[in-house]
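When the letters of the sequence shown are read in order and numbered with this note's numbering, they come out as residues 125 to 388.
Below: the structure, in structure tokens.
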Amino acid sequence: MTTQSALAGGPGRIELRDIAVSFPAGVGARLVALDGVDLVVEPGQLVALIGPNGSGKSTLLRVIAGLLAADRGEATLDERPIDGPDPRIGLVFQEPRLLPWRTTEANVAYPLELAGVPPAELRSRVETLLQTVGLEEASKQVPSQLSGGMRQRAALARTLALEPRVLLLDEPFSALDELTRERLNIELLAITERTPTTIILVTHSVQEAVFLADRAVVLSERPGRVVADLPVELPRPRSLGDLDAAVVTATAREIRQHLGEVAA
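If you want it as structure tokens, here you go:
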């Protein structure tokens with residue numbers, strides 16, 4: 125039997141209501157990471173989360189992924205509570221976390237194997253995914269033979285294997301050099317056009333947020349709260365030349381103003 129993809133029905137809608145998260149901080153003490161976060165991400169949108177270190181961006185992503193329970197509030201996907209890991213939600217970490225003994229194609233195939241996808245369908249889907257991220261020529265190589273950018277593309281392909289309705293990206297390109305990062309940003313835009321999904325991207329880069337996103341959501345210093353939710357009025361498809369557009373400069377300036385207020 126063919127496994128039904130998580131994307132059936134199209135990209136998902138994420139809604140966060142009054143999310144608060146804290147962690148133990150010594151005897152009888154709690155460190156409040158997030159306090160009262162409200163956010164709605166509509167189907168097919170790409171939203172960038174940006175804020176200072178310690179603002180709870182990655183913590184919020186883990187709540188959405190179902191990896192961390194909130195102390196207060198509710199996170200939903202298509203009006204259904206997120207109360208644990210969900211195959212409809214894919215997460216790409218800053219580190220690729222590939223299995224070092226598996227080839228590129230075997231790493232990408234792994235979630236399909238776990239889902240019981242029949243061999244013929246599995247091979248076809250892995251081939252398509254490798255083409256999508258431009259790794260056909262590296263299919264037989266193990267992670268140690270890949271560059272940092274290639275490893276991250278393999279991790280992205282693996283996450284897309286089950287066709288999630290929501291894709292969460294936790295600073296996936298931050299460890300790469302600037303030229304590689306720009307190239308992968310372009311590739312990410314192309315991939316999302318071919319594989320429609322709702323995306324939430326955590327980044328420290330104002331330029332990356334403006335270039336990739338439909339909206340830039342700015343979080344405050346700890347405890348994290350939403351202090352700005354800014355539309356990016358830049359038409360798609362986009363190219364690196366668009367970074368010189370007046371709307372990009374104006375939006376980047378507004379984000380930095382809010383970040384400056386956060387840091388004040």
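Don't be surprised by glycine CBs; every beta carbon is placed ideally from N, CA and C.
Spatial distance of residue i from residue j (CA atoms)
i, j, result
"R318", "A239", "23 Å"
"L215", "L291", "6 Å"
"G178", "G160", "16 Å"
"A153", "S146", "10 Å"
"T375", "A352", "12 Å"
"T304", "V151", "45 Å"
"P288", "Q276", "17 Å"
"I206", "A144", "15 Å"
"R282", "P235", "7 Å"
Nonlocal neighbours in the same chain, by C-beta distance under 8 Å from residue i, ignoring five residues either side
i, result
"G175", "K181, V342, L343, S344, E345, G348, L383, V386"
"A337", "L170, V171, A172, L325, V356"
"L270", "T228, A262, A278"
Continuous alpha helix (DSSP H) stretch holding residue i: start and end
i, result
"A157", "Element bounds for A157: not the alpha helix (DSSP H) but the beta strand (DSSP E), 154–165."
"P243", "243–256"
"P235", "228–238"
"A352", "Segment 350–355 is the beta strand (DSSP E) holding A352; no alpha helix (DSSP H) there."
Cutoff 7 Å; reference residue i; Cβ partners in own chain excluding five residues on either side
i, result
"L191", "P209"
"A299", "Q218, G272"
"Q128", "In this prediction, Q128 scores a pLDDT of 45, lower than 50, which makes its location untrustworthy; no coordinate-derived value is stated."
Residues that residue i bridges to, as DSSP identifies them
i, result
"E139", "V164, T200"
"T322", "V290"
"R360", "R360 is not bridged to any residue."
"I379", "Bridge partners of I379: none, in fact."
"V371", "Answer is none; V371 lacks a bridge partner."
Buried versus exposed call for residue i [16 or more other C-beta atoms within 10 Å across all chains shown]
i, result
"N231", "buried"
"M125", "Because the pLDDT at M125 is just 32, under 50, the model does not fix this residue reliably, and the value given afterwards should be weighed accordingly. The residue in question, M125, is exposed, as its Cβ has fewer than 16 Cβ neighbours within 10 Å."
"G136", "buried"
"L253", "buried"
"T373", "exposed"
"R196", "exposed"
"A333", "buried"
"E237", "exposed"
"A370", "exposed"
"V257", "buried"
"R212", "buried"
"P148", "exposed"
Boundaries of the beta strand (DSSP E) in which residue i is found, first to last residue
i, result
"G214", "213–216"
"I206", "First-last for I206: undefined, no H or E at that position."
"L170", "170–174"
"A340", "339–343"
6 Å CB neighbourhood of residue i in its chain, flanking five on each side removed
i, result
"S263", "T228, E229, L254"
"V250", "E229, V232, A233"
"P220", "R275, Q276, A279"
"L185", "L292, D294, V326"
Any non-hydrogen atom of the ligand MG closer than 7 Å to residue i Cβ
i, result
"G258", "Within the structure as shown, the ligand MG is missing, as the structure has no ligands at all."
Chain C contact for residue i (CB, 8 Å cutoff)
i, result
"H382", "Annotation note: the requested chain C is absent from the structure, which comprises a single protein chain."
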